[in-house]
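To start, the structure under review is shown below, and the notes come after it.
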DNA sequence: ACACGCATGTTATATAGTAACATCAAGCGC
DNA sequence: GCGCTTGATGTTACTATATAACATGCGTGT
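Residue numbers (my numbering), protein chains in the order written: chain A, 1 to 160; chain B, 1001 to 1160.
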């Protein structure tokens, strides 16, 4: 987000009402299927991520956590984020120090993002890792996870 | 670097003596060619990165900055790192909050790394961005920079 | 000399993340 | 039910990472 940009933050509109409840229920279901528990703080953090219009910083989550404006303690949120990342419900965007809910439920555990430097939108996409994997294999590396983050301008911000 | 790992840190041996001087001179030359100045703090930070055996944290650089053990002030080092990144002399590895000198002098401004979770080595390679660029283009994004970080085990640590 | 632009020095503060330990709650063998 | 184990949470304190804001210095062109 640079100073010259006048566009809105975030590409996604955030979930509300029925759509939000559906997404949370789906997460509950997936947890139940894998013997994990979507406990209250975990569910609350996921809810905040799903409602948001774009990537959220950890301390945004901490501030917004309490229903009545009381912040959470940092470990509460960081633990919830760890859990959500382990289960594939959320991703950390390294180059922003921020978090987003996974928009590609379940399909693979490597995240890739297109990040708009102007409006802050972060769009997740399914990376084609063929070339990177080949490079790793050529050097004898056993790769367990890949993060790919492309910075640039989204269509809207190129026009404006 | 996990607790079970007994291997040495870093894949590179770090530059010393003549090789180090050559690398610094090359950087001076490239700066002169582009009307930039490799000033003392910038040169010192680059030197520390080149000497190192692996990725260095900003506060490692801050601590090591002074020739006699006196630390630098944080802005001194962060500003130097900004400069070195702008000029392509160094890269930040987002998933480590750490910095390395560029090992692929000048060839493009997109960094890609193979990072060993066991020994901490970070090997730079030339990414094949074809697929990512295509994905971006399909969504109308204008991409200016890409970071690709693959975590896993290097050949040595797979054996050990 | 003088002003301009850029780099640096300095102080203070903001932001991000974790260690360590106490407490709580669910499942399980008996 | 009882007590044990395991995993999650609550709480305090702290470490690590990074930047804002403003003063000072330094080279360059006129």
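Backbone N, C-alpha and C define an ideal beta-carbon position, used for all residues, glycine too.
The model shown is predicted, which means the values in this text are computed figures rather than measured ones.
For the candidate residues the options, whose alpha-carbon lies nearest to that of residue i?
{"i": "residue 78/A", "options": "150/A, 119/A and 90/A", "result": "90/A"}
{"i": "residue 1132/B", "options": "1055/B, 1039/B, 1014/B and 1144/B", "result": "1144/B"}
{"i": "residue 1110/B", "options": "1093/B, 1097/B and 1118/B", "result": "1093/B"}
{"i": "residue 1066/B", "options": "1123/B, 1044/B, 1087/B and 1126/B", "result": "1044/B"}
{"i": "residue 31/A", "options": "122/A, 61/A and 88/A", "result": "88/A"}
{"i": "residue 102/A", "options": "158/A, 56/A, 41/A and 17/A", "result": "56/A"}
{"i": "residue 1117/B", "options": "1134/B, 1039/B and 1158/B", "result": "1158/B"}
{"i": "residue 1042/B", "options": "1086/B, 1069/B, 1017/B and 1070/B", "result": "1086/B"}
{"i": "residue 1069/B", "options": "1061/B, 1075/B and 1076/B", "result": "1061/B"}
{"i": "residue 1040/B", "options": "1052/B, 1013/B, 1072/B and 1017/B", "result": "1072/B"}
{"i": "residue 1139/B", "options": "75/A, 134/A, 17/A and 155/A", "result": "155/A"}
{"i": "residue 13/A", "options": "52/A, 21/A and 134/A", "result": "52/A"}
Which chain B residues sit within Cβ distance under 9 Å of residue i?
{"i": "residue 154/A", "result": "1139, 1140, 1141 and 1142"}
{"i": "residue 123/A", "result": "1139 and 1141"}
Are the Cβ atoms of residue i and residue j separated by less than 7 Å?
{"i": "residue 99/A", "j": "residue 81/A", "result": "yes"}
{"i": "residue 1019/B", "j": "residue 146/A", "result": "no"}
{"i": "residue 1050/B", "j": "residue 1084/B", "result": "no"}
{"i": "residue 1048/B", "j": "residue 1063/B", "result": "no"}
{"i": "residue 1112/B", "j": "residue 1127/B", "result": "yes"}
{"i": "residue 1123/B", "j": "residue 1104/B", "result": "no"}
At a CB-CB cut-off below 8 Å, which residues of chain B make contact with residue i?
{"i": "residue 127/A", "result": "1131, 1132 and 1135"}
{"i": "residue 158/A", "result": "1140 and 1142"}
Determine the chain A residues that contact residue i at a beta-carbon separation under 8 Å, and present them in chain order.
{"i": "residue 1145/B", "result": "150, 151 and 152"}
Could you list which residues in chain A have their beta carbon closer than 7 Å to that of residue i, in chain order?
{"i": "residue 1114/B", "result": "136, 139 and 141"}
{"i": "residue 1094/B", "result": "94 and 95"}
Hey, residue i and residue j are a contact pair by Cβ (cut 8 Å); roughly how many whole angstroms apart?
{"i": "residue 1141/B", "j": "residue 153/A", "result": "7 Å"}
{"i": "residue 130/A", "j": "residue 54/A", "result": "Actually they are not in contact, since the Cβ atoms of residue 130/A and residue 54/A sit about 29 Å apart, beyond 8 Å."}
{"i": "residue 23/A", "j": "residue 15/A", "result": "6 Å"}
{"i": "residue 96/A", "j": "residue 1148/B", "result": "Rounded, the Cβ-Cβ distance is 16 Å, inconsistent with contact."}
Determine contact between the segment 1028-1037 of chain B and the segment 1060-1080 of chain B, defined as no fewer than three beta-carbon pairs at a distance below 8 Å. The count of Cβ pairs closer than 8 Å, one atom from the segment 1028-1037 of chain B and one from the segment 1060-1080 of chain B, stays below three, leaving the stretches out of contact.
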